[in-house]
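Okay, structure first, notes after.
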Amino acid sequence: MGKKILVVDDAAFMRMMIKNILLKNGYEVVGEAENGKQAVQMYAELKPDLVTMDITMPEMDGIEGVKAIRALDPDASIIMCSAMGQQAMVMDAIQAGARDFIVKPFQQDRILQAIERVLSRPR
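If you use full-length UniProt numbering, the sequence shown corresponds to residues 1 to 123, in order.
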């Protein structure tokens, strides 16, 4: 069975894009959240193998979301999703504990590469 992934993005369209790529490639999308606060609650409930997390979201942004999830599970595998020009925020996210990042607009190969690399890393 495919690895379980939680998709977090405030834009429904982006969640759908990522979800479709993941499903087509044998991953199981166990949940979708539209902000960091929801992501933390869903992570605790669903215990996914990996989280894709947007940086800029209402209520709780991706960086705070990463910190909160890593507080629950120091081994959490999280990949940040950012728009072009958010390099400083990406660095903050990596320092907060994200394991990789992908830049929007998404390219399927890059998403799959990042997921495979993060999931194959020893925790």
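We treat Cβ as the ideally placed atom computed from N, Cα and C, and that holds for glycine.
Three-state secondary structure (DSSP) of residue i
i             : result
alanine 33    : strand
isoleucine 55 : coil
Element boundaries [beta strand (DSSP E), containing residue i]
i                 : result
phenylalanine 101 : 100-104
serine 82         : 78-83
Beta-bridge pairing of residue i - partner residues as DSSP gives them
i            : result
isoleucine 5 : Val29 and Leu50
Continuous alpha helix (DSSP H) stretch holding residue i: start and end
i             : result
methionine 14 : 12-24
glycine 62    : 62-72
aspartate 92  : 87-96
aspartate 75  : That residue, aspartate 75, is in no alpha helix (DSSP H); it is neither H nor E in DSSP.
glutamine 113 : 108-120
beta-carbon residue i near the ligand PLP non-hydrogen atom, thresh 7 Å
i          : result
alanine 11 : Among the components modelled here there is no ligand, and therefore nothing to report on the ligand PLP.
On the three-pair Cβ rule with 8 Å, is the region 60-70 touching the region 11-25? no
Are the region 80-94 and the region 31-39 touching by the rule of at least three beta carbon pairs closer than 8 Å?
no
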